[in-house]
Amino acid sequence: MVDARQRERKRIRLPKVRYFDYGFLGMVFMLLGFGLVMLYSSSAYTAALHYGSPTYFLKKQAMMAMLGLFAMFVMARFPYRSWLKLDKMAYVGTLILCVLVLFIGYSAKGQARWIPIGGIRFQPSELAKPAITVAIASWIYKKRDKLLYVEHLVFGLGITVIMAFPILLNNLSTAAIVVGIGFGMMLVATRRKLELFGLSGVLIFLAAIGTKLKGGYRSSRIANWRHPELASDDQGYQILQGLYAIGSGGPFGKGLGSSAQKLGKIPEVQNDMIFTVIVEELGVFGAVCVVIMFMVLLWRMMFIANHAKDMFGSFLVIGIMIHVSLQIILNIAVASNAIPNTGVTLPFISYGGTSLIILLAEMGIVLSVSRDIPLDQTEL
159 MVDARQRERK RIRLPKVRYF DYGFLGMVFM LLGFGLVMLY SSSAYTAALH YGSPTYFLKK
219 QAMMAMLGLF AMFVMARFPY RSWLKLDKMA YVGTLILCVL VLFIGYSAKG QARWIPIGGI
279 RFQPSELAKP AITVAIASWI YKKRDKLLYV EHLVFGLGIT VIMAFPILLN NLSTAAIVVG
339 IGFGMMLVAT RRKLELFGLS GVLIFLAAIG TKLKGGYRSS RIANWRHPEL ASDDQGYQIL
399 QGLYAIGSGG PFGKGLGSSA QKLGKIPEVQ NDMIFTVIVE ELGVFGAVCV VIMFMVLLWR
459 MMFIANHAKD MFGSFLVIGI MIHVSLQIIL NIAVASNAIP NTGVTLPFIS YGGTSLIILL
519 AEMGIVLSVS RDIPLDQTEL
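Letter by letter, the sequence shown follows residues 159 to 538 in our numbering.
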């Protein structure tokens, strides 16, 4: 009788219940929706003036958002552990694209950063961020017993620098983010932190010397940052107008759509300077709300990383979390003139098709990791 009951239970298969972080997904949609609203508010004047339609940038960004959401849901269904087998392919393929763009890339403002594919300009350097995340997470998982040896730290930094080098030639800020992702992941993984800081310090010193010797637009950006009022080009003007926007916002702003600085005064305001419009229109209160939304998103990522089924999933999420954190910090720091202009976009909010698609695909990887978290470990 007992055996019959056991056989009956085995015959009746209950549907498998899996954890899914709806709080994280909801915050992604909230930031994406807010970003589209602020993009339209900041870009409508420029779009109408130069393209004959106030919704020009909004339509393009909405199309990229749809592609990004599709990529996110595909990545959410894709088993994240499969990246253990695809890590080398992702790394080498991305590296080839980053080198290729130097020779056949579309050039803007003297920097070849895009490869035209159909009617879309694709930026391979954005792909380097998830590629280095996958590569370092896979390396940490496979070599987790050898991270106490300095030579393995050198190897980890080496594959990070190799990925960043071709990007560095045309895009210092993205190269810095790629290095920051690799360094941050290794810092979490190893107990040899002093040695890692020492090795990284040498790399930073060499990069600083290279930047100084090369000079050019990077040196001018530093000069404009220190004395924007003396700059004769658009960069100094952009910095000053952005500061005027922030200063005029007050506690609660002028109201959505009421920015004066976006009316042709801040060049390309819909890109990396969009945070200044947020502060001008929504005030300090709006800026704090945006920061809180980002903090909630990062908190959910931290929760998923802490409860991931295995070390590989945990470090995938940690790498993505470092990427998002660096972009938030760098963008807001540039908008407030705390650091020189880097051209880094504000995640989910700034205009940029490749950046948005890659970012949403990364959110899908985070969701894929969350789906394998045991239900009994999800209590807060």
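Cβ coordinates follow ideal geometry from the N, Cα and C atoms, glycine included.
These numbers were taken from a predicted model, which means no experiment stands behind them.
Three-state secondary structure (DSSP) of residue i
i: F313; result: helix
i: V502; result: coil
i: S406; result: helix
i: Q399; result: helix
i: N329; result: coil
i: N495; result: coil
i: N429; result: coil
i: V524; result: helix
i: L414; result: coil
i: P532; result: coil
i: K287; result: helix
i: T318; result: helix
i: G210; result: coil
i: I507; result: coil
i: T204; result: helix
i: I130; result: Past the boundaries of the shown model lies residue 130; the chain is included only from 159 to 538, so the question cannot be answered.
i: T348; result: coil
i: K304; result: coil
First through last residue of the alpha helix (DSSP H) which encompasses residue i
i: R235; result: Y214 to R235
i: D179; result: Careful: D179 lies outside any alpha helix (DSSP H) and carries neither H nor E.
i: K420; result: Careful: K420 lies outside any alpha helix (DSSP H) and carries neither H nor E.
i: D245; result: W241 to I262
i: E439; result: I432 to H465
8 Å Cβ shell around residue i - same chain, five flanking residues per side excluded
i: N464; result: S472
i: V160; result: Legend: pLDDT at V160 = 48, less than 50; position of this residue unreliable, value from coordinates given subsequently. Correct list: empty, nothing qualifies.
i: A220; result: L194
i: Q419; result: Q399, G400, Y402, A403, S406, V427, T434, V435 and E438
i: I254; result: none
i: P409; result: G441, V442 and F443
i: L361; result: L315, V319 and V337
i: R529; result: R176, Y177, F178 and A234
Residues that residue i bridges to, as DSSP identifies them
i: I273; result: F280
Cβ shell of residue i (< 7 Å), same chain only, five flanking positions each side left out
i: G477; result: T291, I294, A295, I339 and M343
i: K304; result: H310
i: K423; result: Q399
i: T503; result: N429, D430, Q485, N489, G510 and S513
i: L172; result: Interpretation of L172 is limited by its pLDDT of 45, a score under 50 that renders its predicted location unreliable; no figure is taken from the coordinates.
i: A322; result: A333, V336 and V337
i: V212; result: Residue 212 is actually Pro in this sequence, not Val. Closer than 7 Å at Cβ, skipping near neighbours: A202, A205 and A206.
i: L518; result: G226, L227, A229 and M230
i: K287; result: I335, V336, I339, H481 and I516
i: A445; result: I436 and V437
i: K301; result: H310
i: F236; result: S526
i: S283; result: C256, R271, I325, N329 and T332
Own chain, CB closer than 6 Å to residue i, minus 5 neighbours either side, in chain order
i: F182; result: R458
i: P532; result: none
i: V257; result: P324
i: V186; result: M521
- Three or more C-beta pairs closer than 8 Å, one from the region 518-525 and one from the region 484-499: is that the case here? no
- Message: Is it the case that the region 427-437 contacts the region 491-498, given that we only count it when at least three CB pairs across the two stretches are under 8 Å?
- Response: yes
- Message: For the pair the region 326-336 and the region 344-354, tell me if three or more CB-CB distances fall below 8 Å.
- Response: Segments in contact, no.
- Query: Do the region 200-207 and the region 224-240 meet, that is, are 3 or more Cβ pairs less than 8 Å apart?
  - Reply: no
- Message: Three Cβ pairs or more, each shorter than 8 Å: is that satisfied between the region 230-237 and the region 441-454?
- Response: no
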